[in-house]
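Notes follow once the structure below has been shown.
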């Protein structure tokens, strides 16, 4: 087992801000981008945190110009409750944070706000944005087109993105409800992990290039694809397929950027975020009281034979936040190596572990 | 094979309107309710059409008073983009149609409209409502809490509703995109069908009272439950579980009516509908042109080995509309018997088959 070292979240924020500033990003934008990444780590979404910084949507993109450090998201069209924002090729976390801030502002005045974002880059963890309205007593929704990797039901080859959807709602004394799911059976990260460890994957995750179910991850990388949520036609794969297309429509067709199959393999990404003000429907206090009741009821479900207990979405993430805020964020040695090389190239000191 | 007889949609509409009027429903409300039912049949959603009329949410409910024939949906709270509507125990199709009309009106003036409905009854097919905004160049969304029937991941017993979600978007020369799914692996109708035919169901649909997977439908009716979309934890059942809770929140907690587990087995239902105006984001013509491209791209996906072709959501329903508008709606002899007894009790003549 590789030895993880723990880093304080505040130290990682300061470090990332300095790195982004080094590559020409303004201080305010660097703070927004760093926050989206480190918060993902604090929630335990390690695949979408600082470990991701060497993906094209971040440092290499800033170096090559594929990501425009100076780009400022621009509202190109808006109504009282909606806006279309052009990210102009800038960092995804910056554009999506601004988009959600605008959605919250609109929800405060009209009850609901929805902002579609074009020409953005990978935005990290969908959960991060869905949680922003929760701080304001609102429901939050975020989605994006992910990498092309999913096969439509009865087909072969990749025609759908690994499209995530996140939804969050506040509670009173419990954790917020937080759903963050890819509309494929699993997200890409779990395949990558299985491949690295030379392990087979369960039947129902992937198909080979002929569209036939397989447990060998090599088949995925040789022209295969992930299955949509539901797995097979018999167990509802057209549902995951349809949810992926719904996200393609809300992000890609509504902005005009294109759907997953037309976008292809690029770091350019559209997003869709929304906020709904709970007070427009009923008192926030009554709402959050009922949320607590619901969370308690679900959590108290008698476990199935052999199972430990029933979890409610968000519990794991908020437990991780509590633990990692206290003890620091554990980083894999390979991630530390990655950050070390980023630090050296930018002449910015890497913080010491806890 | 039982012999189906075909009835003209217009005849069934006239018949149902007379039936509802007989039980005290106003003409305008009877037309709205009949339309939601017959249109479901035309789309091929037979389980939610006229066959459903003997469920408590319809004729028996009107007879017993469980459904209030005279109830008028009332907007009890609203903002520019949202409304909370109280259906006051009236017919679900009436309240939900009014709710969606209000959402469309709000979307026309602010870009987006969302209406939550409390104290309603079963609303029929979610697809019907999601399609209403499409006629106005808008995206449509509808959901409701279904009957208590789904087990949370790692649990036993029914804590979640068979909650459906529908989403629709217009195209230019193709059919509209139309997603209408239950967030369980399958909807209840498929189990009922398997039980009637004494057939086992695939592993991954249901669990027994101990929470263990089973293929015997008797186990479902003896305290078992449907699995959430995703089936097992390994293939993402927490995703279907979370989507079901999201719908509980938007329909039940936002209206204050309660979540699936607190509502229990009742015909009282909350709903949530929304409309988003495409023109608020980009030209409708550009949008629908890209929708056609997307539908063509998905439909042209090379089929998997042994499969015939890839379908796109909505194709089947709009093919059914074309065929059934031409040839009439095929009704099972048992459904005809049901309608005959309804006709006799109300003194309203059943139309002749085509």
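Protein chains in written order, with this note's numbering: chain W, 4 to 357; chain L, 4 to 357.
Glycine residues also receive a C-beta, built at the ideal position from the N, C-alpha and C atoms.
Verify the CB distance criterion: does residue i have a CB-CB separation below 8 Å to chain L?
i, result
"residue 316/W", "yes"
"residue 193/W", "no"
"residue 269/W", "no"
"residue 108/W", "no"
"residue 182/W", "yes"
"residue 134/W", "no"
"residue 237/W", "yes"
"residue 156/W", "yes"
"residue 272/W", "no"
"residue 232/W", "yes"
"residue 87/W", "yes"
"residue 95/W", "no"
"residue 101/W", "no"
"residue 159/W", "yes"
"residue 251/W", "yes"
"residue 265/W", "yes"
"residue 297/W", "yes"
"residue 128/W", "no"
"residue 120/W", "no"
Check each candidate in the options and name the one with the smallest Cα separation from residue i.
i, options, result
"residue 356/L", "199/L, 338/L and 201/L", "338/L"
"residue 55/L", "24/L, 120/L, 235/L and 126/L", "126/L"
"residue 81/L", "12/W, 109/W, 113/W and 336/W", "113/W"
"residue 277/L", "282/W, 84/W and 58/W", "84/W"
"residue 51/W", "328/W, 8/W and 95/W", "95/W"
"residue 53/L", "66/L, 39/L, 65/L and 63/L", "39/L"
"residue 58/L", "109/L, 281/L and 271/L", "271/L"
"residue 198/W", "178/W, 92/W and 219/W", "219/W"
"residue 47/W", "335/W, 294/W, 303/W and 351/W", "335/W"
"residue 93/L", "86/L, 76/L and 205/L", "76/L"
"residue 257/L", "118/L, 31/L and 346/L", "118/L"
"residue 147/W", "165/W, 243/W, 347/W and 67/W", "165/W"
"residue 175/L", "144/L, 350/L, 212/L and 298/L", "298/L"
"residue 227/W", "234/W, 266/W, 216/W and 106/W", "216/W"
"residue 275/W", "231/W, 41/W, 121/W and 31/W", "121/W"
Would you say residue i reaches chain W, if we count a Cβ-Cβ gap shorter than 8 Å as a contact?
i, result
"residue 226/L", "no"
"residue 75/L", "no"
"residue 146/L", "no"
"residue 104/L", "no"
"residue 306/L", "yes"
"residue 258/L", "yes"
"residue 205/L", "yes"
"residue 19/L", "no"
"residue 287/L", "no"
"residue 210/L", "yes"
"residue 66/L", "no"
"residue 70/L", "no"
"residue 82/L", "yes"
"residue 284/L", "yes"
"residue 220/L", "no"
"residue 281/L", "yes"
If residue i sits next to residue j, beta carbons under 8 Å apart, how far is it from one beta carbon to the other, in whole angstroms?
i, j, result
"residue 132/L", "residue 99/L", "5 Å"
"residue 88/W", "residue 135/W", "With a Cβ gap of about 15 Å, residue 88/W and residue 135/W do not count as contacting."
"residue 330/L", "residue 9/L", "6 Å"
"residue 137/W", "residue 173/W", "5 Å"
"residue 332/L", "residue 12/L", "6 Å"
"residue 247/L", "residue 156/L", "Residue 247/L to residue 156/L, Cβ: 11 Å. No contact."
"residue 184/W", "residue 194/W", "About 16 Å separates the two Cβ atoms, so there is no contact after all."
"residue 264/W", "residue 151/W", "7 Å"
"residue 163/L", "residue 241/L", "Not confirmed; about 12 Å, so no contact."
With DSSP as the reference, identify every bridge partner of residue i, one or two as the case may be.
i, result
"residue 180/W", "172/W"
"residue 100/W", "Per DSSP, none; premise fails for residue 100/W."
"residue 10/W", "332/W"
"residue 158/W", "306/L"
"residue 167/L", "185/L"
"residue 151/L", "164/L"
"residue 80/W", "87/W"
"residue 56/L", "According to DSSP, which records beta bridges pairwise, residue 56/L is partnered with nothing at all."
"residue 209/L", "217/L and 229/L"
Examine chain C for any beta-carbon lying closer than 8 Å to the beta-carbon of residue i, and answer yes or no.
i, result
"residue 165/W", "The chain inventory of the structure shown lacks chain C, comprising the protein chains W and L."
Whole alpha helix (DSSP H) runs in the segment 255-324 of chain L with 4 or more residues, listed along the chain?
-> You should have 263-266 and 287-302.
Hey, which unbroken runs of the alpha helix (DSSP H) at 4 residues or more fall wholly within the segment 216-254 of chain W?
-> 220-224 and 240-250
Counting only runs that start and end within the segment 82-145 of chain L, where is the alpha helix (DSSP H) found for 4 or more residues in a row?
-> If we require 4 residues or more, the alpha helix (DSSP H) runs fully inside the segment 82-145 of chain L come out as 95-113 and 129-134.
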